[in-house]
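S.K.: First residue of the sequence shown: 1, per the UniProt record's numbering; consecutive thereafter.
By construction, the Cβ of each residue, glycine as well, lies at the ideal position given by its N, Cα and C atoms.
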Amino acid sequence: DEGTLIENVSIRNGKNIRGISSVNEIVLLSLEGSGMIGIPGFSKRLFEALAQEKINVILITQGSSEHSICVGIDQRNADVAKQSIDSAFSHEIETGKVEPLVIEGNLSIIALVGDNMKNHPGISGKMFGALGRNGVNVRAIAQGSSERNISAVISRNDVKKAINVLHEEFFETTYKQLHLFVVGVGNVGSKLLAQLQQQQAYLQEHLRLQIKVVGIANSRKMYFNDEGVDLLTWKDKIQQGEPMYIERFVENIQTKNLRNTVFADVTANEQIAHSYDGLLQRSVSIVACNKIACSSPYQYYKKLKDLAKEYNAQFLFETNVGAGLPVIGSLNDLLRSGDQVNRIEAVLSGTLNFVFNHYNGTKSFAEVVKQAQNEGYTEPDPRLDLSGTDVMRKIMILARESGEKLEMEDITNHSFMPPSCMKGSVEDFYKEMANHEEHFLTLYKEAAKAGNKLKFVASYDSGKASVGLQQIQPQHDLYHLYGKDNVVLFYTNRYVDQPLVVKGAGAGAEVTASGVFADIIRAGR
């Protein structure tokens, strides 16, 4: 049988990194204290104490300040090592010059092994950058002057992920693998999975990106497969899954601890939206179709943005405003390039635009709203659209992204809906709308008589925001807006008289799914 050939001369293959190794079940011994600074012999006494007990030192690291020294040893020797070292430094410990020995367990060493690494700058930076992006915390570092080995002490729970991360960084030349968890596989979520399946080959060939869906969930069931969920048979697989609890779903993500992990929330669930912070703290990127997190109290919105920066994760929510339209991306590009947003005018509800474009009195207002719901343009509860609440959330998100610390109660809502329509069940809502048909017909006729169109407009100007039904004149930019389209007008320091306009379909499962898909790709790259 063929085996491994070991020679005393290395083969030059043009690669500086030859392998990745790990040593498990180690503990880190830390001796520190102000009494060590500038005093010779401390290191000698430490190693003599270990040598007397025949304890092998696997790794050594010491800061230039001489304030501390760390050594890594086999965890089986931890108790004996502590007794020996504390005894050797008992006088210094009693006088407070040295702290009692600190032992940190459940650790491993992962090492990058190579040749002639010292003449190739950036290798260690690349190594620690890759680990940091994936939330692998480094406890200690050791590197010889020959640069044949760079060692890092990490949590034993992170070893598998760290090895995969470094292998992908230094050896993988075909593609980067992304691990995706999707919650919400209904109207939009199912379209997202179909688009992922359709584009698999394209992403690998052109973007060198493989998106592996490893977990899916609806409101009842959740299903996981580390090898990847079959995107052609996922509907059958999810029925075989376990009961869905968001706490257990998040716990599964954290336990699996996979590299390059993205969590996509394609729901409108408040509990799920308030699980983002725990995931970001584990360097799991978030793609949120769900608007609740970004329209929660400003403190939580800011917390999520800060956590994403702190833990090298992405927090992306392009589809919160305008479905698949590049609204938030365009706004962020303006701000990053030094522009300032002074005013925003927008039609942000594809649902309301669809309703008012189709309502002319030939069908009742309730029938047109029902049509919009049947065609998938409304929120699960259409009252969120017709009350203006959904539009309030969207303009608040745009204002916050522009730098404003806005809350929902700061936004004025000029609602056109009779209060009785907003009470009771969804069925009651439709009945009440039918009872108030004359009210809706009057609104339409008044606008039509003046040659205007009804649009539900969101505005942000000088720190203040409002939403409400307006009559739009033919010369206005918002007048020529059809179907379920959205339009956003950004007036900035650079776009003063003629605004930057983002316009297009602002509702629908396909376009919303494509926006989520685009955010997933951004998170992966």
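What are the residues that DSSP puts in a beta bridge with His179?
M.R.: What you label residue 179 is simply residue 179 of the sequence shown in a count that begins at 1. According to DSSP, His179 bridges with Lys212, Thr261.
S.K.: Measuring CB to CB, does Leu101 end up less than 7 Å from Asp79?
M.R.: For the purposes of this step, residue 101 is identified with residue 101 of the sequence shown, where counting begins at 1. For the purposes of this step, residue 79 is identified with residue 79 of the sequence shown, where counting begins at 1. For the pair Leu101 and Asp79, the CB atoms are not nearer than the 7 Å cut-off.
S.K.: Please report the straight-line C-alpha distance between Trp234 and Ala268, rounded to a whole angstrom.
M.R.: Mapped onto the sequence shown, residue 234 falls at position 234. Mapped onto the sequence shown, residue 268 falls at position 268. Near 21 Å, if we compare the C-alpha coordinates of Ala268 and Trp234.
S.K.: Can you tell me whether DSSP reads Pro243 as helix, strand or coil?
M.R.: Walking along the sequence shown from the start, residue 243 turns up at place 243. Three-state DSSP puts Pro243 in a strand.
S.K.: Starting from Leu112, trace the beta strand (DSSP E) both ways and give me its first and last residue.
M.R.: Position 112 of the sequence shown, counted from the first residue, corresponds to residue 112. 102-114 is the extent of the beta strand (DSSP E) around Leu112.
S.K.: I need the DSSP call for Glu25, collapsed to helix, strand or coil.
M.R.: Locating residue 25 in the sequence shown gives position 25, where the first residue counts as 1. Glu25: strand per DSSP, three-state reduction.
S.K.: Looking at the structure shown, is Cys421 part of a helix, part of a strand, or coil, going by DSSP?
M.R.: As a working mapping, residue 421 is identified with position 421 in the sequence shown. The answer is helix: DSSP assigns Cys421 an H, G or I state.
S.K.: Give me the Cα-Cα distance between Ile58 and Gly186, rounded to the nearest whole angstrom.
M.R.: In the sequence shown, the residue the question calls residue 58 occupies position 58. In the sequence shown, the residue the question calls residue 186 occupies position 186. Approximately 53 Å, taken between the alpha carbons.
S.K.: Using the Cα positions of Gly241 and Tyr223, report the straight-line distance between them to the nearest angstrom.
M.R.: To locate residue 241, count along the sequence shown from 1; it is residue 241. To locate residue 223, count along the sequence shown from 1; it is residue 223. Each residue's Cα considered, the two are about 5 Å apart.
S.K.: If you follow the beta strand (DSSP E) that Ala450 is part of, which residue opens it and which one closes it?
M.R.: Numbered from 1 along the sequence shown, position 450 holds the residue referred to as residue 450. Element bounds for Ala450: n/a, residue is neither H nor E.
S.K.: Could you have a look at Ile85 and say whether DSSP puts it in helix, strand or coil?
M.R.: As a first step, residue 85 must be located in the sequence shown, where it is residue number 85. Helix.
S.K.: Relative to the C-alpha of Asp385, which residue among Ile253, Ala372, Ile397 is closest?
M.R.: In the sequence shown, the residue the question calls residue 385 occupies position 385. If we check each option's Cα against that of Asp385, Ala372 comes out closest.
S.K.: With a 10 Å radius around its C-beta and 16 neighbouring C-beta atoms as the bar for buried, classify Arg494 as buried or exposed.
M.R.: As a first step, residue 494 is located in the sequence shown; it is residue number 494 there, counting from the start. It counts as exposed.
S.K.: Kindly give me the distance between the Cβ atoms of Ala458 and Ile395, rounded to whole angstroms, as I take these residues to be in contact under 8 Å.
M.R.: Here residue 458 is taken as the residue at index 458 of the sequence shown, counted from 1. Here residue 395 is taken as the residue at index 395 of the sequence shown, counted from 1. Confirmed, about 4 Å.
S.K.: Could you tell me if Thr512 is buried or exposed, where buried requires 16 or more neighbouring beta carbons within 10 angstroms of its beta carbon?
M.R.: For the purposes of this step, residue 512 is taken as residue 512 along the sequence shown, with counting starting at 1. Buried: at least 16 other Cβ atoms inside 10 Å.
S.K.: Within the same chain, show all residues whose beta-carbon is closer than 7 Å to that of Ala130, passing over the 5 residues directly before and after it, in chain order.
M.R.: Here residue 130 refers to the residue found at position 130 when the sequence shown is read from its first residue. These residues qualify, in order along the chain: Val165, Leu166, Glu169.
S.K.: Within this structure, are the beta carbons of Glu379 and Asp519 separated by less than 7 Å?
M.R.: One-based indexing of the sequence shown puts residue 379 at position 379. One-based indexing of the sequence shown puts residue 519 at position 519. Their beta carbons are not under 7 Å apart, which means Glu379 does not touch Asp519 by this criterion.
S.K.: When burial is assigned at 16 or more other CB atoms within 10 Å of the CB, is Val496 buried or exposed?
M.R.: Start at 1 with the first residue of the sequence shown, and residue 496 comes out as number 496. Answer is exposed; the Cβ neighbour count stays below 16.
S.K.: Should Gly424 be labelled buried (16 or more other beta-carbon atoms within 10 Å of its own) or exposed?
M.R.: Along the sequence shown, one-based indexing puts residue 424 at 424. Classification of Gly424: exposed, given that the 10 Å Cβ count is below 16.
S.K.: Here's a check: name, in chain order, each residue in its chain whose Cβ is nearer than 8 Å to the Cβ of Asp485, leaving out the five neighbours to either side.
M.R.: Position 485 of the sequence shown holds residue 485. Within the same chain, Asp485 has close Cβ partners Val347, Gly350, Asn353, Lys503, Gly504, Ala505, Gly506.
S.K.: Secondary structure at Ser90, three-state DSSP: helix, strand or coil?
M.R.: In the sequence shown, residue 90 corresponds to position 90, counting from 1. Correct three-state label for Ser90: helix.
S.K.: On the three-state DSSP scale, how would you describe Leu325?
M.R.: Here residue 325 refers to the residue found at position 325 of the sequence shown. In this structure, DSSP gives Leu325 a state outside helix and strand, which the three-state scheme calls coil.
S.K.: What did DSSP end up calling Ile272 once you bin it into helix, strand or coil?
M.R.: Counting from 1 along the sequence shown, the entry for residue 272 is found at position 272. Three-state DSSP puts Ile272 in a helix.
S.K.: Roughly how many whole angstroms lie between the Cα atoms of Ala49 and Phe89?
M.R.: Locating residue 49 in the sequence shown gives position 49, where the first residue counts as 1. Locating residue 89 in the sequence shown gives position 89, where the first residue counts as 1. So the two alpha carbons sit approximately 9 Å from each other.
S.K.: If I'm right that Asn106 touches Ser155 with Cβ under 8 Å, what's the distance once you round it to whole angstroms?
M.R.: As a working note, residue 106 is residue 106 in the sequence shown. As a working note, residue 155 is residue 155 in the sequence shown. About 6 Å separates the two Cβ atoms, so the contact holds.
S.K.: Less than 7 Å separating the beta-carbons of Phe429 and Arg383?
M.R.: As a position in the sequence shown, residue 429 is number 429, starting the count at 1. As a position in the sequence shown, residue 383 is number 383, starting the count at 1. Cβ distance < 7 Å, so Phe429 and Arg383 count as in contact.
S.K.: Please report how far the alpha carbon of Val501 lies from the alpha carbon of Tyr491, in whole angstroms.
M.R.: Reading the sequence shown from its first residue, position 501 is the one you call residue 501. Reading the sequence shown from its first residue, position 491 is the one you call residue 491. Each residue's Cα considered, the two are about 9 Å apart.
S.K.: Quick check: the Cα distance between Glu427 and Tyr359, rounded to an integer number of angstroms?
M.R.: Mapped onto the sequence shown, residue 427 falls at position 427. Mapped onto the sequence shown, residue 359 falls at position 359. Distance between the alpha carbons of Glu427 and Tyr359 is about 20 Å.
S.K.: For Tyr482 and chain B, any beta-carbon pair shorter than 7 Å?
M.R.: Included in the structure is just one protein chain, with no chain B present.
S.K.: Report all residues from its chain with a CB closer than 7 Å to the CB of His357; omit the five preceding and five following residues, and keep chain order.
M.R.: Here the question's residue 357 lines up with position 357 in the sequence shown. A small correction: the amino acid at residue 357 is Asn; His does not occupy that position in the sequence shown. Answer for Asn357: Tyr482, Gly483, listed in chain order.
S.K.: Where are the alpha helix (DSSP H) runs, 4 residues long or more, that stay fully inside the stretch 355-416, in chain order?
M.R.: Restricting attention to alpha helix (DSSP H) runs no shorter than 4 residues, the stretch 355-416 encloses them at 365-374, 383-386, 389-401, ordered along the chain.
S.K.: Note down, in chain order, each residue of its chain lying with its Cβ closer than 8 Å to the Cβ of Tyr298, except the 5 sequence neighbours on either side.
M.R.: Sequence index remark: in the sequence shown, residue 298 carries index 298 (1-based). The answer, listed in chain order, is Arg400, Lys405, Leu406, Glu407.
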